[in-house]
Amino acid sequence: MSSGFRSKFIGLILSFVFWASGLSWASSVYFVEIEGAIDPITSEFIASAIETAASSGGQALVIRLDTPGGLVSATREIIKTILNSPLPVVVYVAPSGARAASAGTLITLAAHIAAMAPGTNIGAAHPVSVGAAPREDQKMAEKAVNDLAALARTIATTRGRNAKWAEEAVRRSVSITEKEALRLKVIDLIARDLGDLLEKINGREVEVSGGRKIRLDTKSVSIVPIKEGLRERILRTISDPNIAYILMMIGLAGLYFELSNPGTILPGVVGALALTLAFFAFKALPVNYAGLLLILLAGVFFFLEIKIASFGLLALAGLIALTLGSLMLFSKAPGVGISWSVLWPTLIGVGFFLSVITYLAAKAVRSPPQTGPESLLGATGRVISDVGPDQGQIFIHGEIWEARSDHPIPAGRRVKVLAVEALTLKVEEAN
Numbered sequence: 033m034s035s036g037f038r039s040k041f042i043g044l045i046l047s048f049v050f051w052a053s054g055l056s057w058a059s060s061v062y063f064v065e066i067e068g069a070i071d072p073i074t075s076e077f078i079a080s081a082i083e084t085a086a087s088s089g090g091q092a093l094v095i096r097l098d099t100p101g102g103l104v105s106a107t108r109e110i111i112k113t114i115l116n117s118p119l120p121v122v123v124y125v126a127p128s129g130a131r132a133a134s135a136g137t138l139i140t141l142a143a144h145i146a147a148m149a150p151g152t153n154i155g156a157a158h159p160v161s162v163g164a165a166p167r168e169d170q171k172m173a174e175k176a177v178n179d180l181a182a183l184a185r186t187i188a189t190t191r192g193r194n195a196k197w198a199e200e201a202v203r204r205s206v207s208i209t210e211k212e213a214l215r216l217k218v219i220d221l222i223a224r225d226l227g228d229l230l231e232k233i234n235g236r237e238v239e240v241s242g243g244r245k246i247r248l249d250t251k252s253v254s255i256v257p258i259k260e261g262l263r264e265r266i267l268r269t270i271s272d273p274n275i276a277y278i279l280m281m282i283g284l285a286g287l288y289f290e291l292s293n294p295g296t297i298l299p300g301v302v303g304a305l306a307l308t309l310a311f312f313a314f315k316a317l318p319v320n321y322a323g324l325l326l327i328l329l330a331g332v333f334f335f336l337e338i339k340i341a342s343f344g345l346l347a348l349a350g351l352i353a354l355t356l357g358s359l360m361l362f363s364k365a366p367g368v369g370i371s372w373s374v375l376w377p378t379l380i381g382v383g384f385f386l387s388v389i390t391y392l393a394a395k396a397v398r399s400p401p402q403t404g405p406e407s408l409l410g411a412t413g414r415v416i417s418d419v420g421p422d423q424g425q426i427f428i429h430g431e432i433w434e435a436r437s438d439h440p441i442p443a444g445r446r447v448k449v450l451a452v453e454a455l456t457l458k459v460e461e462a463n
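Take the numbering used here: the last position of the sequence shown gets the number 463, and nothing is skipped along the way.
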């Protein structure tokens, strides 16, 4: 085979490989699943998925959505990412029984193609917030509603969807089924499953960021799932409100034991790590800082209880502060909050622990102080020279004492102090 022919043959093979590779990329649709509350981790994951799909030459990204809502800040970031996506983003509310509530409504409206499975619903996008005072709360709530209503209206208008209904979903929390959503032009289609969805969007033309129009060819595409990485899974785990709350309780307990018994080290290390993780999780959660301060104040009260004889007053104040702080810790947001199954056992456990501490402290205060030889009454030691009715020696509390006993006790045995007679201890053999 001549060198010229060989070069042409190799070039032909390489061209075929590149063509096949490009065909494979263009024939791929990337797929992610979003379940649960919308938070900053969700926002970051969707942005990463769009970047991965676009850089790999995928035709589109399909987001299967099932959410009760979530944080407005994270929702805005997701909407911004979808509106500026270089490839089509399809939001598919599925499977049957799923919902695109609150934040999910806005995300669905922002999609290039919006679809729902039979037996799903969408709507109820009214923002929920808390404030310091009723009048201030009302003003802030009104501003939040107006802001979100404007966002819903502009998204729907941009995508050619029902802007009036989008605004009503925010202002009046209206919610509709998939059939009503299709009739009202809130979504583009209803699909039984992912295969049915790909079949129905085949041939549709969508306009992506920059005004570029793309015609979808999804008749025989391969589906490439994108899963959350280890980092996202860890962050999502500790960002669960219940996990974050438990981490904070472990952290406070660890610091409490370390301060109560300086030098033990392990409780302090565990407590510091747990608190660090808890505060990291709080960055991704709608934390009410008044509630957080109450919980930290409760920790101070608990520590002072073991240092000051308050007869339980500080412990009671700490328990009240802990209860109020726990109830106030997270601002109201769909899908965000501490479960009662976590909250009540924690409060009951802390209350029981404080009751025991208070009882022991009160008992110690009522007990007469014992100093000198009298403090040896009931203590046990070891015989170092035979003890008898006359005399012998024992080692007790790090000291050597003269001792006597009504019955002979050989060296090496354990003895118990019955009485203190001047500088001699009366003992008996310990059981």
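Ideal placement from N, C-alpha and C gives every residue a C-beta, glycine not left out.
Item	Value
Hey, which unbroken runs of the beta strand (DSSP E) at 3 residues or more fall wholly within the segment 224 to 307?	237 to 239, 245 to 247 and 254 to 257
Nearest CA to the CA of Ile222: which residue from Thr99, Thr250, Leu408 and Thr152?	Thr152
Comparing C-alpha positions only, which one of Ser134, Arg204 and Glu199 sits nearest to Ala182?	Glu199
Roughly how far, in whole angstroms, is the beta-carbon of Phe63 from the beta-carbon of Pro257, given that I think they are within contact range, below 8 Å?	5 Å
For a test of the three-state rule: what should DSSP assign to Leu317, helix, strand or coil?	coil
I need the boundaries of the beta strand (DSSP E) containing Phe362, first residue and last residue.	Unbroken run through Phe362: none, as it is neither H nor E.
Just the Cα atoms here: how many angstroms apart are Leu298 and Ala306?	12 Å
Any idea which residues DSSP pairs Thr209 with across the strands?	Asn153
What did DSSP end up calling Gly323 once you bin it into helix, strand or coil?	helix
If you draw a straight line from the C-alpha of Ser252 to the C-alpha of Asp98, how long is it?	26 Å
Could you pull out every unbroken alpha helix (DSSP H) segment of at least 4 residues lying fully inside the segment 54 to 81, listed in chain order?	none
So what's Asp98 in DSSP terms, helix, strand or just coil?	strand
Per DSSP, which one or two residues make a beta bridge with Arg448?	For clarity, residue 448 is Lys in the given sequence; the question names Arg instead. Answer is Thr412 and Glu460, bridged to Lys448.
Tell me the rounded alpha-carbon separation between Glu210 and Lys112.	25 Å
Could you tell me the alpha carbon to alpha carbon distance between Gly444 and Leu409, rounded to whole angstroms?	20 Å
Is it right to say Gly101 is buried, meaning 16 or more other beta carbons lie within 10 angstroms of its own, or is it exposed?	buried
When you compare only the Cα positions, how much space is there between Ser417 and Ser407?	23 Å
DSSP three-state label for Val104, please.	helix
Contact between the segment 137 to 156 and the segment 213 to 221 is defined here as three or more beta-carbon pairs at a separation below 8 Å; is this criterion met?	yes
Return the first residue and the last residue of the alpha helix (DSSP H) that Val419 is part of.	Neither: Val419 is in no alpha helix (DSSP H) and is coded neither H nor E.
Put Arg204 into one of helix, strand or coil per three-state DSSP.	coil
Which residue wins for smallest C-alpha separation from Asp179, given the options Arg96, Arg203, Pro421 and Phe77?	Arg203
Evaluate Pro273 with the Cβ neighbour count: other Cβ atoms within 10 Å of its Cβ, from every protein chain shown; 16 or more gives buried, anything less gives exposed.	buried
Using alpha carbons as the reference points, say which of Phe385, Ser128, Ala142 and Gly89 lies closest to Ala285.	Phe385
To the nearest angstrom, how far is the alpha carbon of Ile327 from that of Ser371?	17 Å
In this structure, what does DSSP give as the bridge partners for Met148?	Val125 and Ile222
Give the DSSP-derived three-state secondary structure of Phe343 in the structure shown.	coil
What separation, rounded to the nearest whole angstrom, lies between the Cα atoms of Arg446 and Thr456?	17 Å
In its own chain, which residues sit with a C-beta less than 7 Å from the C-beta of Glu322, not counting the 5 before and 5 after it?	Correcting the residue identity first, residue 322 is Ala in this sequence and not Glu. Counting only Cβ-Cβ distances below 7 Å, and skipping sequence neighbours, we find Met360.
Return the chain-ordered list of same chain residues with a C-beta closer than 7 Å to the C-beta of Thr73, the five sequence neighbours on each side being excluded.	Note that residue 73 is Ile in the sequence shown here, rather than Thr. If we look at Ile73 and ignore the five residues flanking it on each side, its Cβ neighbours are Glu264, Leu267, Arg268, Ser271 and Ala316.
Alpha carbon to alpha carbon, what distance is there between Val419 and Pro442?	6 Å
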